[in-house]
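So the sequences go chain by chain: H, W and Z. Note that our numbering has the first sequence beginning at 1, numbered continuously upward. Note that our numbering has the second sequence beginning at 289, numbered continuously upward. Note that our numbering has the third sequence beginning at 565, numbered continuously upward. Read through the structure below, which is laid out as structure tokens, and then see the notes.
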Amino acid sequence: MSIELKNVTYTYMPKTAFERTALAGVNLTLAEGKLTAIAGHTGSGKSTLVQHLNGLLHPTSGVVTVDGIDISKKTKEAIDARHSVGMVFQYPEHQLFEETVEKDVAFGPKNMGLADDEIKKRVKDALDFVKIDYETYKGRSPFQMSGGQMRRVAIAGVLAMKPKYLVLDEPTAGLDPRGRDDLMARIVSLKREKKMTIIIVSHNMDDIARIADEVVFMHDGNVLLDAPPKEAFFSDDAIAAAGLLPPHTVSLLKMMKDSGLDVDTDAFTVDEAVRRIAKAMKRREKSC
Amino acid sequence: MAFIEINDLSHEYKGAEGQSTLALSHVNLTIDEGEFVAVLGTNGSGKSTLAKHLNAILLPSDGSVTVDGMDTRDASHLWDIRQSVGMVFQNPDNQIIAAVVEDDVAFGPENLGVPSAEIRKRVDDSLALVDMSKFAQFAPHLLSGGQKQRIAIAGALAMHTRCLVLDEPTAMLDPVGRQEVLSTVKRLHDEEKITVVYITHFMEEAAAADRVVVMEKGKVLMNDDPHNVFSHVEEMKRCGLDVPLPAEISWKLKKQGFTLPDNIITDEELVASLCQ
Amino acid sequence: MLTDITIGQFFPGTSLLHRMDARVKVILLFFLIIAIFVFDTPGDYALMCALTLGLGLASHVPLGTLMKSIKPLWWILGFTFLIHLCTVPGETITTVWIFTLTKEGFMRGFFLCLRLVLLILLSSLLTFTTSPLALTDALEALMRPLRVIGVPAHELAMMMTIALRFIPTLIEETDKIMKAQQSRGVDFETGSILKRISSMVPILVPLFISAFRRADELAMAMEARCYRGGDGRTQMKVLRVTRVDYAGILFIAVFFALQAALKIVGI
Chain H
1 MSIELKNVTY
11 TYMPKTAFER
21 TALAGVNLTL
31 AEGKLTAIAG
41 HTGSGKSTLV
51 QHLNGLLHPT
61 SGVVTVDGID
71 ISKKTKEAID
81 ARHSVGMVFQ
91 YPEHQLFEET
101 VEKDVAFGPK
111 NMGLADDEIK
121 KRVKDALDFV
131 KIDYETYKGR
141 SPFQMSGGQM
151 RRVAIAGVLA
161 MKPKYLVLDE
171 PTAGLDPRGR
181 DDLMARIVSL
191 KREKKMTIII
201 VSHNMDDIAR
211 IADEVVFMHD
221 GNVLLDAPPK
231 EAFFSDDAIA
241 AAGLLPPHTV
251 SLLKMMKDSG
261 LDVDTDAFTV
271 DEAVRRIAKA
281 MKRREKSC
Chain W
289 MAFIEINDLS
299 HEYKGAEGQS
309 TLALSHVNLT
319 IDEGEFVAVL
329 GTNGSGKSTL
339 AKHLNAILLP
349 SDGSVTVDGM
359 DTRDASHLWD
369 IRQSVGMVFQ
379 NPDNQIIAAV
389 VEDDVAFGPE
399 NLGVPSAEIR
409 KRVDDSLALV
419 DMSKFAQFAP
429 HLLSGGQKQR
439 IAIAGALAMH
449 TRCLVLDEPT
459 AMLDPVGRQE
469 VLSTVKRLHD
479 EEKITVVYIT
489 HFMEEAAAAD
499 RVVVMEKGKV
509 LMNDDPHNVF
519 SHVEEMKRCG
529 LDVPLPAEIS
539 WKLKKQGFTL
549 PDNIITDEEL
559 VASLCQ
Chain Z
565 MLTDITIGQF
575 FPGTSLLHRM
585 DARVKVILLF
595 FLIIAIFVFD
605 TPGDYALMCA
615 LTLGLGLASH
625 VPLGTLMKSI
635 KPLWWILGFT
645 FLIHLCTVPG
655 ETITTVWIFT
665 LTKEGFMRGF
675 FLCLRLVLLI
685 LLSSLLTFTT
695 SPLALTDALE
705 ALMRPLRVIG
715 VPAHELAMMM
725 TIALRFIPTL
735 IEETDKIMKA
745 QQSRGVDFET
755 GSILKRISSM
765 VPILVPLFIS
775 AFRRADELAM
785 AMEARCYRGG
795 DGRTQMKVLR
805 VTRVDYAGIL
815 FIAVFFALQA
825 ALKIVGI
């Protein structure tokens, strides 16, 4: 099963002087079990796109289906389908509002109408998963935690709803290097351990290249390209048209190749890049 | 005498229930006129607290800070210090005061009591310096993050500031915005001889500086040329930071027995040493 | 849609109305508002409508946009009209259920609504043709004499400037927080009134926290830019009374004279 967008257009403030088309006939399939990254510069339509995935916005025309169900309907089935898509907005710590960490994480499950012991179990699991110690923090105010901890609590609040699909908008914005790496590792394990389908919006090409199964480039409300990283990040034209930059490893290796080192450029991690360079250097030594 | 001198500076935040946290502990640092200094450190390392001492938004719990010979604790110099050291903060939305770009840039000189005609000239000049002249009449909420930060920089320039302190100015921006801000700051440093203190989480941005200061737990851990700082790959990673990609690659290649020159931090340096 | 509000918006331009000194505009608006409430004959209303239309055309603000500023107040207007229609005693037009609709009620309701509409349109013309900053500067200048009795003129004006600046930011933020909480299962559309009110808590708490954080950061940014209250402050844009303003004052004076003359003649 999957999330599918069929010919989706979205227009802000139609029939006014401020009319603006944010999505212009998008066709896209977000396959179950995959980690899809959506990239594009500000104003490319990527934020508008993800808000369609759980029915926060409804298409001006076209259809969004989650596991085959049209989510614009008002039926119980459609509402359940919308709830199967969890959404973590940019700076999610800004939505915290309860007095305690436990209550805040429990907010989503409570709205779903779950039983108390099930809620408690989910809260504990979700906090465990984001590495916030349940016993230590459950009674504390989220507002007395550090920025990085608050973000993890906010993400736990969405995880506790056990969504089948999880959408994250720029999850690492503003974090320091260690915070970025830790959070990215958690997201990857959501896919591996919890078998969640992940959709991540990011302009950090280095992160995307390392973790994505599929990469979608957006530009001017259109999908420019939808391909695995090994293909996407070597489509120079699409990258340039989307106003993006290739991952640093790729541009660095390309620069070496242009300067005469016979190196393979398909590396997205530091270790891959080091291996490619070492191989090329050894080849060169032999030929001398 | 250096432009900014920080002597044995400590800063203590007093908590609600009498407990206190030491955000800075015995920091010694000097910044010379015309320098471009980057400050690195994880969240909570004290780098923002340090920045706020440079124009007397915070005052030392212990030790002293002098700007151009003026002690920040001396209230009679307060406005001279704030005029010579301009600040740019992380959140572009929370530092723009007026609803029109040019009015916002005028805010500083208006506070200083500069005559109207002179303000007009300064505003026009400052907007030109950050390449935002054509947005003078815009409402700030219609601008991109990078453009808003350039407006904030122009606001400081209009006060005829001599030193810009930027506290994670690119943390909330996309790559295009980050590039805009960094190149604007670099150009102001190179061409207008503005002293720059640039706090960041992005190692590549710090590599552009003349000097890098690494903070950890309220102390200065390293204070050196970027080439030297980023050759300490393991130490940087230990304190939750990183090094630019070329520095890490060359370090790993050297560990595998390849001979490479020391202190590689830029793409160009790595490519040149591998492809000679 | 939260982003669909036109009240308080400024339309940059170079029309006569745009070029007038904001202080003059505020004072003239003040007199016109008094006039709206003092005059009461149909002839007076006709003149007032003509003047408003004329000013609207002179402002170069599209008339449709101008009319849109009444939109948020439709229900108040409708309600006012109905109340008068049903409650004022007089010559009966017709009876609906227990309500007696009267001719007098119709007239009174109609003219009261017309007054409100004129009031909104004229005030909107001021905000449409005056930049928010010029407007606050004008209010500050006009309130300055009140400082002797302790009115903090500069502080009030600064508060208005900041409020105007942050309206779009906070609208955006509210929209974002609402969507985030909707994603966590909050339902704003169904349920009892009590339930709907309680569903506002997850919106209002984060919004207040964010507003406080913004205020705190803004205060620091203002301090860093040498803000220390109104004393010794200068302004880049100095308000200046020019020929356009004299023409405007004269025009309104002639208008009032005309109205008075008509009254004396007895139309």
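Backbone N, C-alpha and C define an ideal beta-carbon position, used for all residues, glycine too. Everything numeric in this text was worked out from a predicted model, so none of it was measured.
Span separating the alpha-carbon of residue i from that of residue j
i: A280/H; j: D550/W; result: 21 angstroms
i: G33/H; j: S84/H; result: 14 angstroms
i: G555/W; j: L245/H; result: A small fix is needed here, since residue 555/W is Asp in this sequence, not Gly. Whole-angstrom Cα-Cα distance: 15 angstroms.
i: D568/Z; j: I813/Z; result: Only weak support exists for where D568/Z lies, its pLDDT of 47 falling under 50; the coordinates are left without a value.
i: V517/W; j: E536/W; result: 12 angstroms
i: A344/W; j: V500/W; result: 22 angstroms
i: L35/H; j: F217/H; result: 14 angstroms
i: A78/H; j: D70/H; result: 6 angstroms
i: T570/Z; j: L637/Z; result: Note that T570/Z scores a pLDDT of 49, beneath 50, so its modelled location is shaky; the value from the coordinates is reported in the next line. C-alpha separation (whole angstroms): 12 angstroms.
i: D296/W; j: P770/Z; result: 39 angstroms
i: H515/W; j: F776/Z; result: 42 angstroms
i: V681/Z; j: P716/Z; result: 32 angstroms
i: M565/Z; j: E323/W; result: Caution applies to M565/Z, whose pLDDT of 38 falls short of 50 and renders its modelled position unreliable; the value that the coordinates give is listed next. Approximately 50 angstroms, taken between the alpha carbons.
i: H718/Z; j: G793/Z; result: 8 angstroms
i: P380/W; j: A232/H; result: 32 angstroms
i: F663/Z; j: P653/Z; result: 11 angstroms
i: Y165/H; j: R20/H; result: 29 angstroms
i: D358/W; j: A290/W; result: The sequence given here places Met at residue 358/W; Asp does not occur at that position. Between M358/W and A290/W, the C-alpha separation is close to 11 angstroms.
i: L699/Z; j: A785/Z; result: 23 angstroms
For residue i, the nearest candidate out of the options (CA to CA)
i: I132/H; options: K194/H, R210/H, H248/H and A154/H; result: A154/H
i: P397/W; options: V411/W, P463/W and L312/W; result: V411/W
i: S313/W; options: E504/W, D359/W and H448/W; result: E504/W
i: G68/H; options: A31/H, R192/H and K230/H; result: A31/H
i: A442/W; options: L431/W, S421/W, E456/W and A459/W; result: S421/W
i: I487/W; options: G306/W, K340/W, E300/W and K302/W; result: K340/W
i: D356/W; options: P348/W, S349/W, D350/W and W367/W; result: W367/W
i: L445/W; options: H489/W, A394/W and K507/W; result: A394/W
i: F670/Z; options: T616/Z, Q799/Z and H648/Z; result: H648/Z
i: E456/W; options: L310/W, S336/W, E300/W and A290/W; result: S336/W
i: H429/W; options: D392/W, S349/W and C451/W; result: D392/W
i: R708/Z; options: Q573/Z, R587/Z and H582/Z; result: R587/Z
Supposed close pair residue i, residue j - CB separation, criterion 8 angstroms
i: G202/H; j: A39/H; result: Reading off the sequence shown, one finds Ser at residue 202/H, where the question assumed Gly. Indeed they touch by this definition, with Cβ atoms about 6 angstroms apart.
i: I277/H; j: L562/W; result: 7 angstroms
i: C677/Z; j: L665/Z; result: Actually they do not touch by this definition, with Cβ atoms about 15 angstroms apart.
i: L53/H; j: V167/H; result: 6 angstroms
Listed by chain order, chain W residues near residue i by CB distance under 7 angstroms
i: P59/H; result: Chain W residues near P59/H: none, gap ~26 angstroms exceeds 7 angstroms.
i: D176/H; result: T330, N331, H489 and G528
i: L245/H; result: P463
i: L261/H; result: L562 and C563
Chain-ordered chain H contacts of residue i [CB-CB under 7 angstroms]
i: D555/W; result: L252 and M255
i: V521/W; result: Neighbours of V521/W on chain H: none; closest Cβ ~11 angstroms, over 7 angstroms.
i: K740/Z; result: F89
Contact list for residue i against chain Z, beta-carbon separation under 7 angstroms
i: M145/H; result: Ordered by position in chain Z, no residue passes the 7 angstroms Cβ test against M145/H, which lies about 13 angstroms from the chain.
i: G478/W; result: It is worth fixing the name first, because residue 478/W is Asp in this sequence and not Gly. In chain order: nothing, as chain Z lies at least about 24 angstroms away.
Per-residue contacts from residue i into chain Z (C-beta, under 9 angstroms)
i: L96/H; result: V769, P770 and I773
i: I482/W; result: Those do not exist, as I482/W stays about 16 angstroms from chain Z at its closest Cβ, beyond 9 angstroms.
Contacts of residue i in chain Z (Cβ-Cβ under 8 angstroms)
i: L56/H; result: K743, Q746 and S747
i: G443/W; result: R789
Within chain H, the residues that residue i reaches when beta carbons sit closer than 8 angstroms
i: I537/W; result: L252, V270, A273, V274 and I277
i: S260/W; result: The structure shown does not extend to residue 260/W, since chain W is modelled only from 289 to 564, so the question has no answer here.
Chain W contact residues for residue i, given Cβ-Cβ distances below 9 angstroms
i: T806/Z; result: Simply none; closest approach about 16 angstroms.
i: M281/H; result: L541, F546 and L562
Proximity test, residue i beta-carbon vs the ligand NAP heavy atom, cut-off 6 angstroms
i: D795/Z; result: You won't find the ligand NAP in this model; it holds no ligand whatsoever.
What residues in the stretch 754-765 of chain Z have a beta carbon less than 8 angstroms from any beta carbon of chain H?
V765
Can you pull out the residues from the stretch 149-177 of chain H whose beta carbon lies closer than 8 angstroms to at least one beta carbon of chain Z?
G157, V158 and M161
Given a limit of 7 angstroms on CB to CB distance, which residues of the stretch 422-437 of chain W reach chain H?
S432
Beta carbons nearer than 8 angstroms to chain Z: which residues of the stretch 373-399 of chain W have them?
G374, M375, F377, N379, D381, N382, Q383, I384, I385, A386, A387, V388, E390, D391, A394, F395, G396, P397, E398 and N399
Going along the stretch 306-321 of chain W in order, which residues come within less than 7 angstroms of chain Z, judged by CB to CB distance?
none
Check distances from the C-beta atoms of the stretch 399-411 of chain W to those of chain Z and list, in chain order, the residues that come in under 8 angstroms.
N399, L400, G401, V402, P403, S404, I407, R408 and V411
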